[in-house]
Amino acid sequence: MKRADVVFSGMRPTGRLHIGNYWGALKNWVGLQDQFVGRCFFSVVDWHMLTTGYNDTSKLVEHGREMALDWLAAGLDPAKCVIFKQSDVPEHAELALMLSMVTPLSSVENNPTWKEQLQELARTKAGLATAGEATKYEENKSGANYELRTYGFLGYPVLQAADILLYHGTKVPVGQDQLPHLELSREIARKFNNAFGETFAEPQPLLTPTPKVPGLDGRKMSKSYGNAVDIYESADGLKAKIMGAYTDPTRKKATDPGHPEPCPENPPGCSVFALHKLYADEAFVTKRKAECMAGQLGCVACKKDLLGFMEPAFADFRKRRESFAAKPGHVEEILAEGGRRARAAAQQTMDDVRRAMRLR
Ligand code: TRP
Ligand code: SF4
Numbered sequence: 124m125k126r127a128d129v130v131f132s133g134m135r136p137t138g139r140l141h142i143g144n145y146w147g148a149l150k151n152w153v154g155l156q157d158q159f160v161g162r163c164f165f166s167v168v169d170w171h172m173l174t175t176g177y178n179d180t181s182k183l184v185e186h187g188r189e190m191a192l193d194w195l196a197a198g199l200d201p202a203k204c205v206i207f208k209q210s211d212v213p214e215h216a217e218l219a220l221m222l223s224m225v226t227p228l229s230s231v232e233n234n235p236t237w238k239e240q241l242q243e244l245a246r247t248k249a250g251l252a253t254a255g256e257a258t259k260y261e262e263n264k265s266g267a268n269y270e271l272r273t274y275g276f277l278g279y280p281v282l283q284a285a286d287i288l289l290y291h292g293t294k295v296p297v298g299q300d301q302l303p304h305l306e307l308s309r310e311i312a313r314k315f316n317n318a319f320g321e322t323f324a325e326p327q328p329l330l331t332p333t334p335k336v337p338g339l340d341g342r343k344m345s346k347s348y349g350n351a352v353d354i355y356e357s358a359d360g361l362k363a364k365i366m367g368a369y370t371d372p373t374r375k376k377a378t379d380p381g382h383p384e385p386c387p388e389n390p391p392g393c394s395v396f397a398l399h400k401l402y403a404d405e406a407f408v409t410k411r412k413a414e415c416m417a418g419q420l421g422c423v424a425c426k427k428d429l430l431g432f433m434e435p436a437f438a439d440f441r442k443r444r445e446s447f448a449a450k451p452g453h454v455e456e457i458l459a460e461g462g463r464r465a466r467a468a469a470q471q472t473m474d475d476v477r478r479a480m481r482l483r
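Residue numbering for the sequence shown follows my numbering, starting at 124 and increasing by one per position.
What follows is the structure, given as structure tokens:
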């Protein structure tokens with residue numbers, strides 16, 4: 124019997140989300156909850172946070188709550204999808220243990236993310252500059268004195284496979300960077316099926332549209348670069364950030380021809396222009412590009428236009444977020460209820476798994 128598709132995705136609770144997280148993931152999730160009503164699971168994967176951040180767990184609960192608030196304010200609706208915390212469903216750990224039995228050591232050791240991070244750590248320990256692309260675990264790098272060659276971190280993708288398979292997830296909205304992890308989830312599902320009989324469908328990545336969201340300095344937006352715009356930015360904070368954003372260093376006067384798009388004269392392209400593409404309509408973007416290239420307006424005016432587009436969206440978001448935050452215990456209740464629903468599904472799967480493994 125073929126089961127209906129199930130969407131599963133998770134985010135590590137790193138705290139407030141930025142607009143890169145919104146355009147890159149969250150916005151797509153909100154669309155998916157309407158496309159797969161009642162069959163989407165979105166998880167605050169706090170145990171994954173432990174795999175690299177066990178040295179400081181003081182903010183874990185608070186960050187999970189902040190992130191869940193961001194999700195709700197962005198439009199995730201607990202009436203349409205299940206929003207829950209991984210650690211509320213202990214079956215994730217049980218399935219991860221079972222899956223670890225069939226996971227070849229070579230597959231986890233060759234996981235590019237794991238190798239990359241260990242290199243990064245070695246560099247930090249050697250006191251070398253950590254130039255180059257930020258890895259996704261970079262936020263923990265400052266405390267690089269703690270051991271990262273752990274069993275738990277090596278097992279990151281096994282836990283991720285358990286997350287997905289526990290709900291018979293078939294569609295996993297992720298970014299390009301997660302493809303190696305997802306490939307491993309597929310391999311683990313196959314290995315389990317080979318050993319114990321057909322139990323899991325192989326999850327497929329759902330590569331959703333992810334427009335490029337540059338940081339305020341022209342580099343990729345990342346919390347660890349300090350160049351991010353939070354999705355919950357105050358009006359003043361937003362204004363300060365946009366007015367200080369990277370534009371086109373070749374422009375000295377408003378009449379100098381600009382380079383809004385990435386090009387040899389302005390390799391990263393203008394961050395303000397890239398944000399116009401997200402927040403303004405197409406006609407405006409076309410017109411602005413021409414005006415900029417012809418040197419018909421200054422960057423300050425252009426930034427003010429951008430604020431005019433961004434601020435209403437942010438105000439809307441702030442209003443929704445504050446209304447959720449103002450109800451005492453509201454987020455906690457949504458997470459608890461999501462946890463109960465997730466757990467009911469997870470327990471069914473684990474019954475099947477234990478039977479397949481002849482543990483029962
Ligand atoms: N590894 C993912 C990330 O860092 C988070 C994650 C954990 C996840 N479990 C998942 C994503 C299951 C999709 C499905 O972005
Ligand atoms: Fe960027 Fe606008 Fe300045 Fe052109 S005018 S460089 S698009 S901020």
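The beta carbon of each residue, even a glycine, is placed where N, CA and C say it ideally should be.
Cβ contact annotation for Ser308 (same chain, cutoff 6 Å, sequence separation greater than five): Ala284, Ile287, Pro326, in chain order. Residue environment analysis places Asp179 among the exposed positions, since fewer than 16 neighbouring C-beta atoms fall within 10 angstroms of its C-beta. In the DSSP assignment, Lys208 is bridged to Val167. Per the DSSP secondary-structure output, His141 pairs in a beta bridge with Asp353.
The criterion of a C-beta distance shorter than 9 Å is not satisfied by Thr174 and Leu289. When beta bridges are read from the DSSP output, Leu149 appears opposite no residue. By alpha-carbon distance to Val153, the top candidate from Ser210, Ser132, Leu222, Trp170 is Ser132.
Taking the Cα positions, Gly278 is about 20 Å away from Met473. Taking 8 Å as the upper bound for CB-CB distance, Met134 and Val184 are not in contact here, some 15 Å apart. Relative to ligand 1, Asp211 has its C-beta separated by 8 Å or more from all heavy atoms. In the structure shown, Gly275 adopts helical secondary structure according to DSSP, grouped into three states. Looking from the CA of Glu310, the closest CA among Ile354, Val231, Tyr369, Ala363 belongs to Val231. Taking C-beta atoms as the reference points, Leu302 and Pro328 count as a pair closer than 9 Å. Secondary structure at Val130: strand, using DSSP grouped into helix, strand and coil. Each of Arg126, Trp194, His186 was checked against the Cα of Ile142, and the nearest Cα belongs to Trp194.
Of the candidates Thr378, Thr293, Leu330, Ala324, Thr378 places its Cα closest to the Cα of Val423.
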